[in-house]
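In this note's numbering, the protein residues as written are 31 to 171. Using N, Cα and C, we set each Cβ at its ideal position, and we do this for glycine too. Treat the numbers as computed from the prediction; the structure is a model and nothing was measured.
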């Protein structure tokens, strides 16, 4: 074999090795989708004199918004309880949320039902991911 063929063969082997190494590096540097956030909704029967026992009130987070400066990129501002019976209008309500620790925390000041839904703001600094359950009470005359 001539020197020219040996050089070509060595160059081809080196090119294959560099290509394989490049593919390995590219595979190793692929992005992973690692956000583990989860916003859920549900419904529960609320026992209130104005709410029929067969009627459920749904609870849902508001639409998430992107917030680049946070640990998790998505943020929600409110929890909305919908399906409130019209007979509950003008009655007082209070909402609370439960943390993974089992502790219940009040969302804020009590409010007055006006319409068929109630929206409560998630307090500043509370990560919606930490909210495991929500509760609503409707009371008064």
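Residue 137 counts as buried, since at least 16 other C-beta atoms from the protein chains shown sit within 10 angstroms of its C-beta. Around residue 128, the same chain offers 134, 162, 163 as residues with beta carbons nearer than 6 Å, after the five sequence neighbours per side are excluded.
Beta-carbon to beta-carbon, residue 110 and residue 139 are separated by about 17 Å, too far to satisfy the 8 Å threshold.
Ranking 159, 170, 158 by CA distance to the CA of residue 141 puts 170 first. Excluding its 5 nearest sequence neighbours in each direction, residue 80 has C-beta neighbours in its own chain below 7 Å: 115, 117, 118, 121, 168, listed in chain order.
Measuring C-alpha to C-alpha distances from residue 152 to each of 145, 130, 125 identifies 125 as the nearest. Annotated three-state conformation of residue 89 is strand, per DSSP. When the five nearest sequence neighbours on each side are left out, the beta carbons in the same chain lying within less than 6 Å of the beta carbon of residue 165 are those of 126, in order along the chain.
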